[in-house]
Amino acid sequence: MSTENLTYADQTTTDGGTKIWRGKLTFIMAAAGSAVGLGNLWKFPYIAGENGGGAFVLVYLACILLFGIPLMMAEIGIGRSTRHNAVDAFGTLAGKAGANPLWKGIGGLAVTTSYLILSFYIVVAGWCLYYFWITANGTFTATTTVDTAFTGGTFESLLADPVTLITFSVIFLLITFAIISSGIEKGIEKAINWLMPSLMLMLAVLIGYSAANGNFEAAVNFLFNADFSKLSSEAIFIAIGHSFFTLSLASASIITYGAYMPAKSSITKTAFAVAGIDTLVALTAGLAIFPLVFQFGLEPGAGPGLMFISLPLIFSDMPYGQLFGSVFFFMLFIAALTSAISLMEPTVAWLERRFSLRRRTATFLTTLSLWVVSLGTVFSLNIWNSPVFFGKTFFDALDYVTANVFMSIGAIATAVFCGYVLKRPQLDAMFSTDPQAIPVFRFFIRYVVPAFVAVLVIAAL
Ligand code: TRP
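First residue of the sequence shown: 7, per the numbering used here; consecutive thereafter.
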């Protein structure tokens, strides 16, 4: 055997034989790593803040349970029962069901969605890395008084500066490249085994810090006291849309990871575990951030700037703010990294098989082209800050089209595929580990999931 065979033997092979993760918990950790990301730590606190807190949180929890978990079970099943990338997974199952082979297109759409999301995700992840750097450097804890004008100005100058944006997004992209190109086991599994425990540890430290220094009671009231009079219909749509995004659904990540999941693990338990961890982290992030926000009398509904404008202001005034602020932004970076890994893997897995490429080559091509596409997002924040699509900038349009259009189509198509196209014996094979769950799963995937997406689509129109 040549050394080349040795090097690549433990990775996806081009004849469709796929590597399966060794660790029993790797799938749960990797999928939780995919799910837990900027969506939980950055977006969830501010959309909860903007939409009135408690009542919004309840609607969000209902969405995860009624619609997120069934869809996640479907995606894990599609991946695991075929052990293929998302395109070939749909293709194989459709073939066996005697359905139109064009169902493959849904897999293609999902891979495209993850690719496009990653192209702007790396830019925002670059902000986190940059903020880690400047916080650790003492930018917000220097002797000069730090006020909103200062932290707001810092954020604005970052967005206005393409060179810094590119530098930090490229550093982030290269780290993702290094992990993915090292393989499913030696790269992803190894990285996840380190990153996820570190992430949990940092979150625990921060919530302790926040409880010790902030107004914890006000935060608990804000997040868990449901005042339904504050709930708008728009808030409901935001909650449905966010439940797709936060669980990494309808975008090939979970299908692709499902292909690497051991055959004996229960799909139901796994889906509940992943959704549970994701929800817990979102709520914990709220409990780490809002006590400080209330302690300082700041606005909980400050929007996207909550993290990059309000928090640095708080850290500038807190005991050990430089240290804990750095930990906070480092945690954001790690959370973004585990999500980025899951956003890159679907394209790489597909390229490898479609063009019989080596993993390293497939990862290299993906990385290089992503960098080019990411420039669109970078420039739309400064020198190309003009509407290109329905009055939206390139960045906003990408975010909107992936999260609202592509993911809605992907979700409804996946539900129809599992609920109506696949034959019962195929479902039996998919859920061989949990046959008792099939009737309930079928009910949800046939009626409940399409109903949710229909509400979302009608609302969007
Ligand atoms: N779920 C992650 C977050 O909350 C982001 C993410 C990872 C994602 N993979 C995805 C979003 C696939 C949509 C689709 O930040």
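The beta carbon of each residue, even a glycine, is placed where N, CA and C say it ideally should be.
Cβ-based burial, residue i [other Cβ within 10 Å; buried from 16]
i      : result
TYR326 : exposed
ASN388 : exposed
ASN106 : exposed
GLU240 : exposed
ASP233 : exposed
ARG86  : buried
PHE183 : buried
GLU6   : The question about residue 6 has no answer here: the residues shown for the chain are numbered 7 through 467.
ARG430 : exposed
ALA148 : exposed
SER8   : Confidence at SER8 is low in this model, with a pLDDT of 36, below 50, so its placement is unreliable and no value can be given for it.
GLU10  : For GLU10, the predicted structure reports a pLDDT of 35, less than 50, and the residue's modelled location is therefore unreliable. A value from the coordinates is still provided. That one is exposed.
ASP16  : The pLDDT assigned to ASP16 is 37, lower than 50, so where the model puts this residue is not dependable, and the model offers no usable value.
ASN231 : exposed
SER257 : buried
SER163 : exposed
LEU207 : exposed
LYS236 : exposed
PHE450 : buried
GLY132 : buried
LEU179 : buried
ALA460 : exposed
TYR453 : exposed
LEU99  : buried
LYS30  : exposed
GLY159 : exposed
ILE53  : buried
TYR121 : buried
TYR426 : exposed
Cβ separation of residue i and residue j, assumed to be a contact under 8 angstroms, to the nearest whole Å
i      : j      : result
LEU205 : ALA294 : Not confirmed; about 13 angstroms, so no contact.
PHE401 : THR383 : 4 angstroms
ALA465 : PHE243 : 4 angstroms
PHE314 : PHE161 : 5 angstroms
THR276 : PRO352 : Incorrect: roughly 19 angstroms between the Cβ atoms, too far for contact.
LEU115 : ILE418 : That pair is no contact at about 11 angstroms.
THR252 : ASN46  : 6 angstroms
PHE423 : ILE177 : 39 angstroms between Cβ atoms; not a contact.
GLY39  : LEU289 : About 18 angstroms; that fails the 8 angstroms criterion.
THR281 : MET78  : Before going further, note that residue 281 is Ala rather than Thr in the sequence given. Correct: roughly 6 angstroms between the Cβ atoms.
ILE84  : SER249 : Not quite, the Cβ-Cβ distance comes to about 19 angstroms (not below 8 angstroms), so this is no contact.
TRP27  : PRO268 : 7 angstroms
THR439 : SER271 : 7 angstroms
ILE246 : LEU64  : Contact flag wrong, Cβ pair sits at about 13 angstroms.
ARG366 : SER238 : Incorrect: roughly 49 angstroms between the Cβ atoms, too far for contact.
Candidates the options: closest to residue i by CA position
i      : options                           : result
ASN219 : THR274, PHE321 and VAL407         : PHE321
LEU298 : TYR263, PHE334 and MET267         : PHE334
PHE412 : SER238, ILE123, ILE75 and PHE330  : ILE123
VAL226 : ALA184, PHE400, PHE423 and PRO51  : PRO51
ILE181 : ASN410, CYS424, ASN231 and LEU135 : LEU135
LEU467 : GLY416, TYR406, ALA443 and LEU304 : TYR406
SER259 : VAL287, ALA37 and VAL461          : ALA37
THR173 : GLY55, LEU312 and TRP377          : TRP377
VAL354 : ALA100, GLY55, ILE190 and ASP434  : ILE190
ARG89  : ARG359, ALA346 and TYR266         : TYR266
GLY264 : ALA92, PHE458 and SER375          : ALA92
GLY309 : GLY58, VAL461, LEU108 and LEU164  : GLY58
LEU304 : GLY97, LEU319 and GLY292          : LEU319
SER375 : GLY397, MET350 and THR399         : MET350
THR141 : MET436, ASP434 and GLY331         : GLY331
ALA409 : TYR127, LYS25 and GLY111          : TYR127
PHE339 : PHE33, GLY43 and THR24            : GLY43
LEU229 : TYR215, VAL394, PHE447 and ALA61  : ALA61
TYR137 : SER254, ASP323, LEU329 and ALA245 : LEU329
ILE273 : LEU462, PHE447 and ILE53          : PHE447
LYS192 : THR32, ALA269 and ASN143          : THR32
GLU81  : SER254, VAL459 and ALA342         : SER254
GLY55  : TYR453, LEU312, ALA342 and TRP356 : LEU312
SER345 : THR24, LYS30 and ALA41            : ALA41
ARG360 : LEU64, LYS110 and LEU99           : LYS110
PHE336 : TRP139, ASP94 and LYS102          : TRP139
THR170 : LEU381, ASP323, VAL394 and GLY425 : LEU381
ILE283 : ALA443, ALA457, LEU67 and GLY104  : LEU67
GLY74  : ALA155, THR24, ASP94 and THR420   : THR420
Those residues which DSSP pairs with residue i across a bridge
i      : result
PHE395 : LYS398
For the ligand TRP, enumerate in chain order all residues having a CB closer than 6 angstroms to any of its heavy atoms. SER40, ALA41, GLY43, LEU44, GLY45, ASN46, SER120, ILE123, PHE251, THR252, SER254, SER257, SER259, SER345, SER348 and LEU349
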